[in-house]
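Note sheet for the following structure.
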Amino acid sequence: MRRCTWLATALLAAVGSAWAGTFEQLAAFPEVRDIAMSPDGRHVAVVAPFEDQQSLHLLAVDDREQRRVLRFRPGHTVANVTWVDNKRVVFQKALQIAALETPMLTAEYFSASVDSKRQRLVFGGRHALLEYSGFGHARQVFVVDEVPGSFFAQFLPWRGGDDTGLELWRVNARTARQQLVASVDSNQGTLFLDRQQQPRVLYGIDAKLEPIARYRATADAKWQPFPRELVGRGLVPRFFDADGKLYALISDAGEPGALYRVDLEHGQRQRLAGRSDAEIADVIRSGRNGPPAAVLYDAGVPVVDLLDDADPDFAAMFKALLAKFPGQLVHPLQFSRDDQRVLLQVDSDRDPPVWYVFDRGTQRLMPVAAAYPALRGQSFAPTRAVRLRTDDGLDLQALLTLPAGIAKPSLVVMPHGGPHGPYDRWRFDAETQLLAQAGHAVLRVNYRGSGGRGERFLRAGFGEWAGRIQDDIAAAVRHVIAEELVDGSRVCIFGGSFGAYSALMNAIRNPDLYRCAIGYAGVYDLNLMHIVGDIPEAKSSRNYLDLAVGNDVLKLARDSVTSHVKRLDAKLLLIHGSADQRTPIEQFHVLTRALDRAGKPHEDLVVEHEGHGFYKQANREHMYRQLLQFLDASLSTAPP
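Dropping the structure here:
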C-alpha cells in the first residue's frame, strides 16, 4: 500500500506540455460561483475570485470599469446573492470552520450596496449559529418588488439533528428590521407566497419521503390538501400571476411533472407543457412577472420548447439569440423590472458558461462574466446522447464524450453521486473534458434512481444500490463497446461518493469489463453509513436511508463493497479527505483494512482537512495529476 498526503514533485510532471496550461483551469472550480442582475438591469453581482480570494463583484453593466469589490477575511466567501433593490444585494456568508478547507454556510444574511463597501448583518443575528454546527439554516425565498429593499427568508431550526419547524421572516435589508410572518411544522413542507406576499402553498416531502401538497384557496382560508383532480401526487410551485393563478409542475402518479395553470379558488387546472420521458428543468417566463413562454428539458441533449401561446416579442428575441449562438443553449435567467434587459447564460457541451446582459431596446449583447475565462476559444470534445433499453424493459439515457483524433479510445466510466435525484447533464463538464484532453472517452450513465425523469424513475433505484443500478451502468458500458465507439479492452470506472461505491461494486460484479477502479470520497460499508457521518443526524435522513438503501443489517452487509473485496481484481486508487462529514474517513479505513487482509494492492491518496470532495486548488490539482498518472499506467495499450 502507498499513501500520499501532499504534493509530490514527480506528480507535477505527470501532465505533459500538450495541455498548454489548461490542466490547472480544468482542475479548478469555475470562477463564477453565483450571479444575479439588479431590478433595473444596470448592475450584476458576481461571486468570483479577486486576488486569489473569493469576493463579491458589483459590476456596472454599461461600464465594466465601474465595479465595487467586496472582499472578505481569509476563509470567508458568499453564496445565494440576490438584489433587493436597484443598488442593494443580500447574501449569505460561508465560513471556513476549524481546519476544514470547505467553507460552510451560516444562518445569517448580510446586505451591501454598490455605493458603499459596508456590509450589514440584516438577518439571523450573531446568535444564529452555523448550519454546519447543527442549529439551523436560512435561505432567501422571495423579493418584494413592490417594497424595494425587502425580502422574505425561511429559517429552519435544527436542534439535536432533527428538524423542528419552519419560520418565515420578512426582512428589511436597509434597516435590518425582522418580522415573523408565519411558522409551520417542518413536516408540513415549504411555504410558497403569492404576489401579495401571502403564504398560499405548502410543498415538499415529509419525514417519510412522501410528497406534501397543501394550499389555501384564498389568503385567509385554512390549509387543506389539494384535491386529487388538481394534484394527484405532488407539485413544485413556480409562480403566481397577477390574477392569483398558480403555475406549477404537477405529477399525478410519479411521472415527470407537467406545467399547469391552476385556479385555486375554483379548483380547475389547465395543462400547458410536459413530456413523459423528461422532467421540466426550468420554466422560462416572457418577462420578470410575465406568463410562461418556454420550458427547458434537460435530460439528454437539452431542448427549449416555446409554448403555443408564447409572447411573440419574446419568441422573436429568443429565436434571434439562438441564431446568434448556434449549437449552444441560450437560457434566459432574469429580467429587469421593465423587461428591457435580460440576463442570459450561454453554454454547451464544448463551451463553458458565459453570461450576458441583452438590451432588447438597443439590441446590445453585453458580456458580464465567464465560468472559465482562460478556456474561452479553446476546442473541447463533443458529447453525444446515448439511449438503450435494459433487459427488464427500462429506457436509459447516457452521455458519451469522445476525444478528438482517436479512433477507439480507452474509456472512463463516471457514475454520478447521489444516487437519488442528481443526474448528468449535457453541459460543459470540466472533469469530463480533463479526461478527454488526456485521450480517454468518458461515459456518464443516468441509471435508474437518477433525477430528471420523474419520481417513478427515481424510486426505481430504491433498494437497488448493489443490484439493478449496477446492471444499468454495466449495460451502458457494454452498449458503447458493442457499437465499437471505444476500446472495450481498456476501461476504467471512476466516481465520487455513491459513484465511488458504484466504481468498486461494478468492478466486483463485472470483472471482465474493467482494468481499474477509482473511488473518491466513497461509501463502502452500508451498515457503517447508518452510524457515522452527517446523514444519520436528522430523522428525515434516517428515513431516507431506510427507504432508499434499507435497514436489514444482513442485506446491507451483502450489498457492501467491504464484503466482496476478494473479488476485486481491478487495479485500485482510493481518494479521501480526512475531514469528510458525509462519508467519513472511517469508510476509507474499513475498506483498506479489508483489502489488506485479502492481499489486494491499492494506491491511496488521503488529504488532511479536506471534506466531501476537495476544495483547495492545490489539493485538486494534486488529486487529478495522480488520477491521470494512474489511468495512464492502467489503460496503456499493453495487456494488463
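To convert a position in the sequence shown, counted from 1, into this note's numbering, add 1157.
For glycine and all other residues, C-beta sits at the position ideal for the given N, C-alpha and C.
Candidates the options: which alpha carbon is nearest residue i's?
i            : options                   : result
residue 1561 : 1529, 1597, 1542 and 1547 : 1597
residue 1462 : 1451, 1470 and 1468       : 1451
residue 1250 : 1756, 1234 and 1337       : 1234
residue 1566 : 1226, 1652, 1674 and 1642 : 1642
residue 1280 : 1332, 1744, 1717 and 1761 : 1332
residue 1223 : 1202, 1238 and 1579       : 1202
residue 1370 : 1358, 1376 and 1379       : 1358
residue 1378 : 1469, 1367 and 1355       : 1355
residue 1681 : 1718, 1512 and 1442       : 1718
residue 1525 : 1181, 1205 and 1311       : 1205
residue 1453 : 1776, 1446, 1312 and 1440 : 1440
residue 1098 : 1588, 1474, 1478 and 1636 : Lying before the first or after the last residue shown, residue 1098 is absent from the chain, which here runs from 1158 to 1797.
residue 1662 : 1635, 1724, 1687 and 1375 : 1724
residue 1411 : 1396, 1569, 1420 and 1435 : 1435
Excluding the five sequence neighbours on either side, which residues of its own chain have a C-beta within less than 6 Å of the C-beta of residue i, listed in chain order?
i            : result
residue 1697 : 1364
residue 1752 : 1722 and 1759
residue 1457 : 1542 and 1554
residue 1228 : 1212
residue 1502 : 1488, 1490, 1510 and 1512
residue 1243 : 1195, 1196 and 1197
residue 1677 : 1653, 1657 and 1732
residue 1726 : 1668
residue 1522 : 1513 and 1515
residue 1558 : 1538, 1540, 1589, 1593 and 1599
Can you find the residues in the same chain that come closer than 7 Å, C-beta to C-beta, to residue i, ignoring five residues on each side of it along the sequence?
i            : result
residue 1409 : 1389 and 1390
residue 1384 : 1424
residue 1484 : 1505
residue 1342 : 1322
residue 1171 : At residue 1171 the pLDDT is 36, less than 50, meaning the model places this residue with poor confidence and gives no usable figure here.
residue 1728 : 1672, 1673 and 1791
residue 1497 : 1198, 1516, 1517 and 1518
residue 1335 : 1280, 1326 and 1328
residue 1337 : 1324 and 1326
residue 1277 : 1267, 1268 and 1333
Would you mind reading off the limits of the alpha helix (DSSP H) that contains residue i?
i            : result
residue 1656 : 1655-1666
residue 1474 : 1469-1481
residue 1715 : 1710-1715
residue 1613 : 1612-1616
residue 1591 : 1587-1594
residue 1182 : 1179-1183
Pick helix, strand or coil for residue i, following the three-state DSSP scheme.
i            : result
residue 1788 : helix
residue 1684 : helix
residue 1488 : strand
residue 1631 : helix
residue 1743 : helix
residue 1571 : coil
residue 1692 : helix
residue 1393 : strand
residue 1243 : coil
residue 1362 : strand
residue 1421 : coil
residue 1766 : coil
residue 1284 : Here residue 1284 scores only 44 on pLDDT, less than 50, and its place in the model is too uncertain to base an answer on.
residue 1779 : helix
residue 1323 : strand
residue 1637 : helix
residue 1381 : strand
Determine the extent of the beta strand (DSSP E) in which residue i is found, giving its start and end residues.
i            : result
residue 1347 : 1347-1350
residue 1515 : 1511-1516
residue 1339 : 1335-1341
residue 1540 : 1540-1546
residue 1558 : 1552-1558
residue 1228 : That residue, residue 1228, is in no beta strand (DSSP E); it is neither H nor E in DSSP.
residue 1720 : From DSSP, residue 1720 is part of no beta strand (DSSP E); its letter is neither H nor E.
Taking buried to mean at least 16 other C-beta atoms within 10 Å of its own C-beta, is residue i buried or exposed?
i            : result
residue 1207 : exposed
residue 1166 : In this prediction, residue 1166 scores a pLDDT of 26, lower than 50, which makes its location untrustworthy; no coordinate-derived value is stated.
residue 1269 : buried
residue 1476 : exposed
residue 1762 : buried
residue 1199 : buried
residue 1399 : exposed
residue 1220 : exposed
residue 1586 : buried
Closer than 9 Å, CB to CB, is residue i near chain B or not?
i            : result
residue 1532 : Among the chains of the structure shown, chain B does not appear; only one protein chain is present.
Closer than 8 Å to a non-hydrogen atom of the ligand ATP - does that hold for the CB of residue i?
i            : result
residue 1753 : Ligands are entirely absent from the displayed structure, and the ligand ATP is therefore not among its contents.
With a CB to CB cut of under 8 Å and the five nearest residues on each side skipped, what residues in its chain are close to residue i?
i            : result
residue 1684 : 1710, 1713, 1714 and 1717
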